[in-house]
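Per the numbering used here: the sequence shown = residues 68 to 400.
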Amino acid sequence: MLDEAERLGWGDGLPFIPPTRERIERMLEAACIDPEVRLPDITPSESPVTAAKIAANAVMAGCRSDVFPIVFTAMKAILQPGFNHEGMQSTTHPTAPLVIVHGPIAKKAGFNAGSGTLGPGVRANATVGRAIRLALLNIGHGRPGDGDYATQGSPAKYSYCMAENADESPWPPYHVECAGLDPDQSAVTVMGAEGPHHVNDHVSLDAPGLLHTVGSMVTVCGSNTTWLTNHQTFIVLGPEHAATVAKSKFTRRDVQYWLYENARMPLSKYKKGGMWGMEIWPRWKQTVTDDDQLLCPLDSPESFKIIVGGGAGKNSAVIPGDGMTRCPTLAID
Numbered sequence: 068m069l070d071e072a073e074r075l076g077w078g079d080g081l082p083f084i085p086p087t088r089e090r091i092e093r094m095l096e097a098a099c100i101d102p103e104v105r106l107p108d109i110t111p112s113e114s115p116v117t118a119a120k121i122a123a124n125a126v127m128a129g130c131r132s133d134v135f136p137i138v139f140t141a142m143k144a145i146l147q148p149g150f151n152h153e154g155m156q157s158t159t160h161p162t163a164p165l166v167i168v169h170g171p172i173a174k175k176a177g178f179n180a181g182s183g184t185l186g187p188g189v190r191a192n193a194t195v196g197r198a199i200r201l202a203l204l205n206i207g208h209g210r211p212g213d214g215d216y217a218t219q220g221s222p223a224k225y226s227y228c229m230a231e232n233a234d235e236s237p238w239p240p241y242h243v244e245c246a247g248l249d250p251d252q253s254a255v256t257v258m259g260a261e262g263p264h265h266v267n268d269h270v271s272l273d274a275p276g277l278l279h280t281v282g283s284m285v286t287v288c289g290s291n292t293t294w295l296t297n298h299q300t301f302i303v304l305g306p307e308h309a310a311t312v313a314k315s316k317f318t319r320r321d322v323q324y325w326l327y328e329n330a331r332m333p334l335s336k337y338k339k340g341g342m343w344g345m346e347i348w349p350r351w352k353q354t355v356t357d358d359d360q361l362l363c364p365l366d367s368p369e370s371f372k373i374i375v376g377g378g379a380g381k382n383s384a385v386i387p388g389d390g391m392t393r394c395p396t397l398a399i400d
């Protein structure tokens, strides 16, 4: 069966659970979702997306029924106009949908928010991320070299899902402070994203020192977020780094403003980059002529999305968005 699936272009190249009618129905019934519920069409196939189709891919990925509401809500967010899934599906950039789970459902469904949250080993994280990729492949036909034109691709295209470590965060949960939801409401955030860029800082003892290191991973010439307008970047602080920042009495908003004001590089450095002068350069930056003027790659403090994730160790991650996309947070019904 796997050989036939490969011939037909189904799946992600790995073994999968056959999506029988009975398994799909059980998935939908457990989540109390009508199979005929329809979301916007998906590109490049221009196919209609129904709850039943999403459930079929969740079955293939190995999802338990208790995580299906997360998969369904994440797909709903991805298909919103502002997310620009069309660009994510077809670009040569190595982007993948990052899924972040918030609220009570993360613990209830067994998500790993601690050590290795972005890695393998936990079924909930692995299968939710994989279900999204399978839907993009099987419903959207975003296949390598045929719909998906990523030059090299990314391991994140197999599965890219984490949970917020709210227990070790010095700030309110992301979906509460940044999306205005109630603490007892579960939610999911999605972003078309590059793979995580490692931040290693074992010596800084205060927020400015640590955030200087974080900012150095933002001020680079090789990232889409340096060149495209309307972009956002997630700063995933490890709990130890978050504690260091909090000791300096920095709120989440303080972190955003510090990075916006200090994570900058001179115009002369931009001019040496690989996308200098292209039409997608933000209009406000096109008016700058002083080579020594310092510019932040991101458009506003709010474009820095601050969250805590992971376990022990003085490590964090910068996860740039793929450029022309927004990262919505939706409540899980």
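By construction, the Cβ of each residue, glycine as well, lies at the ideal position given by its N, Cα and C atoms.
Quick caveat, the model's predicted, so the values are computed rather than measured.
Original post:
Got a sec? Which residues, its chain only, sit under 6 Å from Glu261 by beta carbon, not counting five neighbours each side?
Top reply: Here the set comprises Pro387.
**OP:** Could you tell me the distance, in whole angstroms, from the CA atom of Gln219 to the CA atom of Ala193?
**Re:** 22 Å
Subject >> Residues near Gly378 in its chain [Cβ-Cβ closer than 6 Å; skip 5 each side] >> reply: Gly181 and Ser182
Subject >> Where Leu365 falls, given that 16 or more other Cβ within 10 Å makes a residue buried >> reply: Leu365 is buried by the Cβ-count criterion.
Original post:
For Tyr216, which residues of its own chain have a beta-carbon under 8 Å away from its beta-carbon, when the five flanking residues on both sides are left out?
Top reply: Ser157, Thr158 and Thr159
Original post:
Which of helix, strand or coil does DSSP assign to Thr280?
Top reply: helix
**OP:** Could you tell me which of Gly129, Ala118, Ala128 and Cys363 sits nearest to Pro136, measuring between CA atoms?
**Re:** Ala118
**OP:** Measure from the alpha carbon of Asp133 to the alpha carbon of each residue in Ala191, Met127 and Leu165, then state which is nearest.
**Re:** Looking at Ala191, Met127 and Leu165, the one whose alpha-carbon comes closest to that of Asp133 is Ala191.
Subject >> Continuous alpha helix (DSSP H) stretch holding Ala122: start and end >> reply: Ala118 to Ala128
Subject >> Coarse secondary structure for Ala379, derived from DSSP in three states >> reply: Three-state DSSP puts Ala379 in coil, outside helix and strand.
**OP:** Quick one: measure Cβ to Cβ for Ala230 and Val168, integer angstroms, because I've assumed they're closer than 8 Å.
**Re:** 4 Å
**OP:** Mind reading off the beta-carbon distance from Met127 to Leu201? Whole number of angstroms is fine, and I expect it under 8 Å.
**Re:** 5 Å
**OP:** Please list, in chain order, all residues of the same chain as Val243 whose beta carbon is under 6 Å from its beta carbon, the five residues on each side excluded.
**Re:** Pro250
Original post:
What first and last residue would you give for the beta strand (DSSP E) that runs through Val138?
Top reply: Premise fails: Val138 lies in the alpha helix (DSSP H), Phe135 to Ile145, not in any beta strand (DSSP E).
Original post:
Quick one, which of Val266, Arg210 and Ala310 has its alpha-carbon nearest Pro237's?
Top reply: Ala310
Original post:
According to the neighbour-count rule (16 or more other Cβ atoms, all chains shown, within 10 Å of its Cβ), is Gln353 buried or exposed?
Top reply: exposed
Subject >> Gly188 versus Thr256 - alpha carbon distance >> reply: 21 Å
Original post:
In terms of residue numbering, what span does the beta strand (DSSP E) encompassing Asp108 cover?
Top reply: Per DSSP, Asp108 belongs to the beta strand (DSSP E) from Arg105 to Ile109.
Original post:
Does the Cβ-Cβ distance between Cys288 and Gly344 come in under 8 Å?
Top reply: no
**OP:** Could you say if the stretch 384-400 and the stretch 292-302 meet the contact criterion of at least three C-beta pairs nearer than 8 Å?
**Re:** yes
Original post:
Cα-Cα, which of His152, Thr184 and Asp389 is closest to Leu203?
Top reply: His152
Original post:
Under 8 Å, do Asp389 and Thr162 count as touching if we go by C-beta distance?
Top reply: yes
Subject >> Thr311, enclosing alpha helix (DSSP H) - first and last residue >> reply: Pro306 to Lys314
Original post:
Can you list, in chain order, the residues of its chain whose CB lies under 6 Å from that of Lys120, leaving out five sequence neighbours each side?
Top reply: Ile206
**OP:** Answer with buried or exposed for Ser335, where buried requires no fewer than 16 other C-beta atoms within 10 angstroms of its C-beta.
**Re:** exposed
Original post:
Within 10 angstroms of its Cβ, does Leu81 collect 16 or more other Cβ (buried), or is it exposed?
Top reply: exposed
**OP:** Tell me whether the beta-carbon of Tyr225 lies closer than 8 Å to the beta-carbon of Leu165.
**Re:** no
**OP:** Please go through the stretch 166-200 and give each complete alpha helix (DSSP H) segment of 4 or more residues, from N-terminal end onward.
**Re:** 171-175
Original post:
Is the beta carbon of Gly154 less than 8 Å from the beta carbon of Thr392?
Top reply: In contact: Gly154 and Thr392 (Cβ atoms closer than 8 Å).
Original post:
Near Gly138, what residues of its chain come up, given a Cβ to Cβ distance below 7 Å and the 5 sequence neighbours on each side ignored?
Top reply: For the sequence presented, residue 138 should be read as Val rather than Gly. Result list for Val138: Ile121, Ala125, Cys130, Val195, Ala198 and Ile199, in chain order.
Original post:
Of all the options Gly78, Pro102 and Trp77, which has the alpha carbon lying nearest to the alpha carbon of Arg88?
Top reply: Pro102
**OP:** State the DSSP-derived secondary structure class of Pro364, mapped to helix, strand or coil.
**Re:** Three-state result, Pro364: coil.
Original post:
What are the start and end residues of each continuous beta strand (DSSP E) run of 3 or more residues lying completely inside the stretch 234-282, in chain order?
Top reply: For the stretch 234-282, whole beta strand (DSSP E) runs of length 3 or above, ordered along the chain, are 254-260 and 264-267.
Subject >> Straight-line gap, Met94 to Gly214 (C-alpha atoms, nearest Å) >> reply: Taking the straight line from one Cα to the other gives about 29 Å.
Subject >> Neighbourhood of Met284 by C-beta, 7 Å cutoff - its chain only, sequence neighbours within 5 removed >> reply: His264, Val266 and Val385
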